[in-house]
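>
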Amino acid sequence: MAPQYLDTAEGRRIAYHKTEGQGPCVVFLGGLKSDMEGTKALFLEDWAKARGQAFLRFDYSGHGESSGQFEEGCIGDWHADTLAAVDALTEGDIVPVGSSMGGWQALLLAKARAARIKGMVTIAAAPDFTEDGYWANFSAAQKAELDRHGRVELPSDYMEPYVVTKRMVENGRQNLVLRSNLILPFPVRCLQGTADTAVSTETALRLLDHATCEDMQLTLVKDADHRFSDEACLALIEKAVEEVCCGNAN
Numbered sequence: 680m681a682p683q684y685l686d687t688a689e690g691r692r693i694a695y696h697k698t699e700g701q702g703p704c705v706v707f708l709g710g711l712k713s714d715m716e717g718t719k720a721l722f723l724e725d726w727a728k729a730r731g732q733a734f735l736r737f738d739y740s741g742h743g744e745s746s747g748q749f750e751e752g753c754i755g756d757w758h759a760d761t762l763a764a765v766d767a768l769t770e771g772d773i774v775p776v777g778s779s780m781g782g783w784q785a786l787l788l789a790k791a792r793a794a795r796i797k798g799m800v801t802i803a804a805a806p807d808f809t810e811d812g813y814w815a816n817f818s819a820a821q822k823a824e825l826d827r828h829g830r831v832e833l834p835s836d837y838m839e840p841y842v843v844t845k846r847m848v849e850n851g852r853q854n855l856v857l858r859s860n861l862i863l864p865f866p867v868r869c870l871q872g873t874a875d876t877a878v879s880t881e882t883a884l885r886l887l888d889h890a891t892c893e894d895m896q897l898t899l900v901k902d903a904d905h906r907f908s909d910e911a912c913l914a915l916i917e918k919a920v921e922e923v924c925c926g927n928a929n
């Protein structure tokens with residue numbers, strides 16, 4: 680099916696698929712350079728349709744079928760896209776499911792729309808990765824290149840090499856969530872593979888330790904990688920979403 684489109688106040692065109700159903704609306708937030716056609720997003724859409732559950736998946740600007748170029752975007756732009764999609768396309772309670780960079784987006788959404796969130800699920804969440812992953816590990820030469828040319832190219836285990844811009848790093852610093860109070864007044868389920876080479880187990884533990892939350896659980900899955908999309912991992916995602924959706928969280 681062809682996507683529908685949402686025009687945002689910033690002039691961006693966001694592609695999305697919305698499944699009507701009962702609340703809360705599950706909102707899938709994808710990862711960096713990923714799109715809404717990934718295994719986890721489509722799996723959750725099928726799950727939602729089978730249950731009659733409302734569900735939303737969309738592409739950030741510069742991703743998938745939305746407008747813009749990836750290299751022009753940054754964390755703040757994708758946060759604005761997320762807010763636009765949630766505000767315009769959903770009503771009432773929502774359950775964000777954030778994968779990788781989408782986990783950071785889910786946490787930013789919690790800061791902006793906490794009253795609307797019934798629960799949250801993160802999958803290999805990557806909060807603050809522009810600072811702790813990129814900048815902290817750049818060599819002096821890479822930092823100089825970023826300053827001089829405004830961009831540096833990085834290899835990836837999961838996709839073609841991609842460009843990190845000076846704007847992405849500087850804007851990321853304006854959206855960090857692990858350096859100040861992070862209050863999550865709803866159940867949170869975090870899933871993390873121990874064989875993930877993109878997001879470390881230490882990152883998951885840091886988020887667990889840093890957040891203020893009365894019902895937050897971290898599940899570590901031995902040998903699962905960053906994709907976290909084999910049959911067993913998808914079953915864990917389904918279980919976690921059902922817990923926070925249906926009020927079965929402890």
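Heads up, our numbering is the position in the sequence shown plus 679, with the first residue counted as 1.
The beta carbon of each residue, even a glycine, is placed where N, CA and C say it ideally should be.
Helix, strand or coil for M780? Go by DSSP, reduced to three states.
helix
> Sorted by chain position, which residues of the same chain lie with C-beta nearer than 7 Å to Y813's C-beta, five sequence neighbours on each side aside?
V843, V848
> Looking only at C-alpha atoms, which of P864, S908, D875 sits nearest to T891?
P864
> For a test of the three-state rule: what should DSSP assign to E932, helix, strand or coil?
No statement about residue 932 is possible, as the shown extent of the chain runs from 680 to 929 and does not include it.
> Since K697 is in the beta strand (DSSP E), which residue starts that stretch and which ends it?
692 to 698
> Alpha carbon to alpha carbon, what distance is there between Q732 and S740?
26 Å
> Could you tell me the alpha carbon to alpha carbon distance between S818 and M680, rounded to whole angstroms?
45 Å
> Determine the DSSP secondary structure at L861, reduced to helix, strand or coil.
Looking at L861 - three-state DSSP - the assignment turns out to be coil, as it is neither helix nor strand.
> Since A877 contacts D902 with CB under 8 Å, what's their CB separation in whole angstroms?
Between D902 and A877 the Cβ distance is about 15 Å, and since that is not below 8 Å, they are no contact.
> How many angstroms separate the CA atom of K797 from the CA atom of W726?
About 18 Å.
> Could you tell me which of S779, M895, D738 sits nearest to L715, measuring between CA atoms?
A small correction: the amino acid at residue 715 is Met; Leu does not occupy that position in the sequence shown. When each option's Cα is compared against that of M715, the closest is D738.
> With distances taken from CA atoms, which of V831, D772, T809 is nearest V923?
D772
> Using CA atoms only, rank isn't needed, just tell me which of Y684, L685, R736 is closest to E699.
For the residues Y684, L685, R736, the minimum Cα distance to E699 belongs to R736.
> Measure from the alpha carbon of L711 to the alpha carbon of each residue in E750, G690, L723, then state which is nearest.
E750
> Over what stretch of residues does the alpha helix (DSSP H) that includes F817 continue unbroken?
That residue, F817, is in no alpha helix (DSSP H); it is neither H nor E in DSSP.
> Tell me, please, which residues DSSP counts as bridged to R736.
H696, F707
> DSSP three-state label for V923, please.
helix
> Suppose the cutoff is 6 Å on Cβ atoms and the five residues either side in sequence are ignored; what does the same chain contact list for H696 look like?
P682, R736
> Relative to the C-alpha of D686, which candidate in L768, L897, L788, A793 has its C-alpha closest?
The option with the nearest alpha carbon to D686 is L768.
> State the start and end residues of the unbroken beta strand (DSSP E) segment that holds R868.
Where R868 is concerned, the enclosing beta strand (DSSP E) stretches over 867 to 872.
> Per DSSP, what kind of secondary structure is D686 in: helix, strand or coil?
When secondary structure is reduced to three states using DSSP, D686 falls in the strand class.
> Hey, could you find the ends of the alpha helix (DSSP H) I754 is sitting in?
754 to 768
> For M680, does the three-state DSSP call read helix, strand or coil?
coil
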